[in-house]
Amino acid sequence: MLAAVRSISQRAMTTSSLLKQGRKDVNVAFIGLGAMGYGMAANLSRLPRSCSDGHKHIMENEHDGNSSSSPAVQEEQQKQNPVFVWNRHSSVAKQHASEFGTRDVSSLEELGHCSIVFMCLPTSHEVEAVCQRLSHILPPNAIVADCTSGDPLMTRRIASSLALRQIQMVDCPVSGGPAGAKSGQLTSMMGGPLEAVSAVEPYLRRMAQKNVVPVGSIGAGHAVKAVNNALNAAHLVIASEGLLALANFGISPEVALEAINGSSGRSLQTQERIPKEVLSREFDYGFPLGLMLKDVTIAVDSIGSSCTRTKHNSSCGNANAGGKDEVEVEQIPKFFPLVKDILQKAVNLESKEADYSRVVRPLEAEAGLELHAGSGVDGNYEAPSYKSSNT
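Counting in the numbering used here, the final residue of the sequence shown is number 575, and the numbers go up one at a time with none missing.
Structural data, given as structure tokens:
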């Protein structure tokens with residue numbers, strides 16, 4: 185028994201010291217090779233395994249011609265200390281290993297030697313299920329880094345459970361879509377204990393080269409990501425509503441956007457998403473309606489539910505009130521629930537697997553019009569009539 189305790193203690197000290205020193209023999213894994221995770225794990229596998237100087241060391245190697253970042257050296261580093269990858273469908277992990285030099289594992293139990301485990305899964309429910317298994321597998325002082333767009337309240341609960349096994353957790357969701365995941369041009373918002381955040385950040389910066397922002401304690405990253413996605417959807421909805429009104433007025437959406445995108449009403453949605461996905465009728469950004477609805481629901485229910493205002497209606501002078509104040513609790517979020525409702529309508533009209541840019545479809549159905557590219561003839565524009573996706 186004493187020997188077992190000593191063994192666990194030694195493993196904990198070894199893991200902790202390796203992370204602090206940024207040693208090249210720290211084993212890193214990535215769980216979940218979906219639309220986002222596949223590209224992220226590929227970029228993680230290109231990370232120089234020595235991260236003792238953090239992201240500064242990494243970026244300097246890339247730009248100063250240092251031989252440690254040459255393809256030949258990177259290939260050798262990958263062979264000696266690869267990123268381990270696991271996916272629910274093992275064939276995907278095998279394909280990833282073949283493409284990027286990662287090492288696929290067929291079971292989570294094979295990750296017992298890993299000190300940092302990234303994951304990018306559909307929801308916090310999958311994260312919780314995986315973490316329950318990892319809690320019996322990972323060494324003490326290992327770190328779970330969750331890149332899922334998760335529920336901050338569930339994340340706090342999961343982190344508390346892992347802490348009982350001396351495993352730390354960082355929530356570090358990313359923004360930038362599948363294209364950003366592939367190119368490394370993602371932004372990540374990090375929440376968690378400072379020591380764990382510092383240990384994970386150099387590795388995360390390989391996947392999120394655009395920006396990494398520590399935003400607070402555990403769950404804070406997921407909270408910021410949920411609000412970010414709610415704003416994303418809200419901008420798309422309100423811009424589409426405006427363009428439909430202009431189309432009904434005889435103004436081409438394409439012409440209107442040319443003016444708006446040089447003015448104060450512009451946004452990423454008017455500059456990128458609407459022209460490329462909506463007006464083109466491609467609807468192929470790569471993020472499902474169902475997951476966007478999930479994220480906005482988190483913003484409304486998990487974050488918004490904690491944001492209330494208490495009103496005290498004085499009963500002074502009211503003989504029937506018995507001298508007591510009436511207390512009314514008012515929910516402060518007003519607009520996010522509207523966005524959630526429109527997303528739900530879009531899921532019902534299209535499907536939860538449909539691209540999130542199809543959130544415009546219920547608006548088009550109500551207007552009886554569709555948003556298309558084209559400027560009309562001789563300044564005369566007539567919007568196409570709405571057609572159901574099922575016809």
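Glycine included, every Cβ here is placed at the ideal spot set by N, Cα and C. Since this is a predicted model, take the numbers as computed values, not measurements.
Item to complete: Could you tell me the distance, in whole angstroms, from the CA atom of A431 to the CA atom of Q528?
Response: 25 Å
Fill in: Strand pairing of E349, partner residues [DSSP]
Checking the displayed sequence, the identity of residue 349 turns out to be Arg instead of Glu. According to DSSP, R349 bridges with nothing at all.
Worksheet item: Measuring CA to CA, which of I321, S290 and E554 is closest to H297?
Response: I321
Worksheet entry | P323 to S299 span [Cα, whole Å] | Between the alpha carbons of P323 and S299 lies a distance of about 7 Å.
Worksheet item: Taking C-beta to C-beta, are V212 and F284 nearer than 9 Å?
Response: It is not a contact, given that the beta carbons lie outside the stated cut-off.
Worksheet entry | Beta-carbon proximity check, G376 vs A343, cutoff 9 Å | yes
Fill in: In DSSP terms, what V328 is bridged to
Answer is V301 and M353, bridged to V328.
Worksheet entry | Reduced DSSP secondary structure (H/G/I, E/B, other) of A225 | helix
Fill in: Residue from S401, R272 and G449 whose Cα sits closest to the Cα of Q576
The structure shown has nothing for residue 576, since the chain only spans 185 to 575.
Worksheet item: In chain order, what residues of the same chain lie with their CB nearer than 7 Å to the CB of G361, ignoring the 5 residues before and after it?
Response: Y469, G470 and F471
Worksheet item: Which full runs of the alpha helix (DSSP H) of 4+ residues lie inside the segment 408-469, going along the chain?
Response: With a minimum length of 4 residues, the continuous alpha helix (DSSP H) runs that stay inside the segment 408-469 are 437-444.
Practice prompt. Classify H280 as buried or exposed, calling it buried when 16 or more other Cβ atoms lie within 10 Å of its own Cβ.
Written response: buried
Fill in: G563 classed as buried or exposed, judged by whether at least 16 other C-beta atoms fall within 10 angstroms
exposed
Discussion item. Just to check my reading of the structure: L292 and L318 have Cβ atoms closer than 8 Å, yes? What is that Cβ distance to the nearest angstrom?
Written reply: 6 Å
Worksheet entry | 8 Å CB neighbourhood of E141 in its chain, flanking five on each side removed | Outside the shown range of the chain, which is 185 to 575, sits residue 141, and nothing can be said about it.
Fill in: Range of the contiguous alpha helix (DSSP H) that encloses S275
S274 to F284
Worksheet item: Once you ignore the five residues that flank R195 on each side, which residues in its own chain have a CB closer than 7 Å to its CB?
Response: At R195 the pLDDT is 44, less than 50, meaning the model places this residue with poor confidence and gives no usable figure here.
Worksheet item: Would you call F302 buried or exposed, if buried means 16 or more other Cβ atoms sit within 10 Å of its Cβ?
Response: buried
Worksheet item: Under the three-state reduction of DSSP, which class applies to I215: helix, strand or coil?
Response: strand
Worksheet entry | Sub-9 Å separation of A418 and P336 beta-carbons | no
Worksheet item: Which first and last residues belong to the alpha helix (DSSP H) in which P521 is found?
Response: F520 to L533
Worksheet item: Of the residues K518, I422, L370 and I327, which one's Cα is nearest the Cα of R545?
Response: Minimum Cα-Cα distance from R545 among the listed residues K518, I422, L370 and I327 corresponds to I422.
Item to complete: Count the other CB atoms, across all protein chains shown, that sit within 10 Å of the CB of S393; report buried if there are 16 or more and exposed otherwise.
Response: One detail in the question is off: residue 393 reads as Gln in this sequence, not Ser. That one is buried.
Worksheet item: When we look at the beta-carbon of N395 and count the other beta-carbons within 10 Å, is it buried (16 or more) or exposed?
Response: exposed
Discussion item. Using 8 Å for Cβ pairs, my map puts S367 next to V358. What's the rounded Cβ distance?
Written reply: Their Cβ separation, rounded to whole angstroms, is 12 Å, which puts S367 and V358 out of contact at 8 Å.
Worksheet item: Which of the three DSSP states, helix, strand or coil, is assigned to L555?
Response: coil
Discussion item. As a quick exercise: from S569, G552, P568 and M224, pick the residue whose alpha carbon is nearest that of Y387.
Written reply: M224
Practice prompt. Grab me the residues of T454's own chain with a C-beta within less than 7 Å of its C-beta, minus the 5 sequence neighbours each way, in chain order.
Written response: A423, L441, I444 and N445
Worksheet item: Quick one: what's R287 bridged to in DSSP?
Response: F268
Item to complete: For the beta strand (DSSP E) holding G375, just list the boundary residues, first then last.
Response: Its beta strand (DSSP E) spans residues T371 to G375.
Worksheet item: Is it buried or exposed for P266, if we count other Cβ within 10 angstroms and need 16 for buried?
Response: In the assembly as shown, P266 is a buried residue. Its beta-carbon has 16 or more other beta-carbons within 10 Å.
Item to complete: List the endpoints of the continuous alpha helix (DSSP H) containing P362.
Response: G361 to S367
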